[in-house]
Structure formats: C-alpha cells, structure tokens
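Engineer:
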Amino acid sequence: MASGFFQQVWRLVGQIPKGRVASYGQIAALLGNPRAARTVGWAMHSCPAELDLPWHRVINSKGKISLDADYAGGDLQQQLLEAEGVQIGYNGVIDMQKYGWQPLPDKVVLP
DNA sequence: CGTATGACGAGCC
DNA sequence: AGGCTCGCCATAC
C-alpha cells in the first residue's frame, strides 16, 4: 500500500515527464507537506533502483543539483538531465520557469 | 519511545 | 553576494 510517505514521493517522482524537473519542496508541497522537503530528499536517497525512478529530475529550489558535482551522482545527474534536453547554465543552474514540472496545469481555476 | 539523520528551504549575518 | 544557521518532517536505530 502507498501508506508510506516515501511511497507517495516515489510515485510522484515517477510521474515527472522527461525533460522536466521538480524541486524537493515542490514534491513535498504536492503531497500536502510543504515543509517536508528534507524528507523528500531522504526518500530519493532511499529510492529503489528497481522502481527505475527519474530521480535525476528532482533538484533543489535554487534550480541546482544538490549532490556534489564531483563527488556523488551529481555528475551523473547532470549528464542525465542534459541527455533529456534540460539545458544547464554555466553556473549549474537550471531554469525552473522553463523546465519546471507542473502537474495538471489546467486545474488552476477549479475549486 | 527518544535520539539522530538527511539528495531541503528560508532567513540571517 | 555569498556563506552559515535554524527550522521542519518522516524514517532508522
């Protein structure tokens, strides 16, 4: 069952379309806990490879990769994103306004 | 059950 | 502007 918060995070992350990115805080907010960004990050840390999650599409609110670029999978994450068409600035910043993922962008007006 | 952790976020110095 | 600290919340042990 998807009772665990991690499970919900994984499911949501799995719905991020290719070429798009989302922030930890955004994921948390979509799950109803805008303050649980850290927990989302931890969920990513625990993401089972068998789920084949697009974990690389999750970045921090600054539009940057949280992992150390030259240490952990940060380098890999950047390569994966660029391979999907996500352009990364020289400073390592991604344009959230352009690549930011918005689930159901049409439901804005509905109550 | 209480303490510690963590791929964050926003504020403060 | 850049860097550091505190706060938040859900798991792990």
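When we follow our numbering, the leftmost residue of the first sequence carries the number 3, and every step to the right adds one. C-beta atoms are modelled at their ideal positions from N, C-alpha and C, and glycine is treated no differently.
For the alpha helix (DSSP H) containing Glu-84, list its first residue and its last residue.
Structural biologist: 76 to 85
Engineer: Near Lys-100, which residues of its chain fall below 6 Å by C-beta distance, leaving aside the five closest residues on each side in sequence?
Structural biologist: none
Engineer: Below 8 Å, how does it come out for the region 5 to 18 and the region 31 to 46: are there three or more Cβ pairs, yes or no?
Structural biologist: yes
Engineer: What residues in its chain sit with their C-beta under 8 Å from that of Ile-18, if we drop five residues either side in the sequence?
Structural biologist: Ala-24, Pro-56, Arg-59, Val-60, Trp-103
Engineer: Measure the beta-carbon distance from Gly-91 to Leu-53 and round it to whole angstroms, keeping in mind my assumption that it falls under 8 Å.
Structural biologist: Not a contact, Cβ separation roughly 30 Å.
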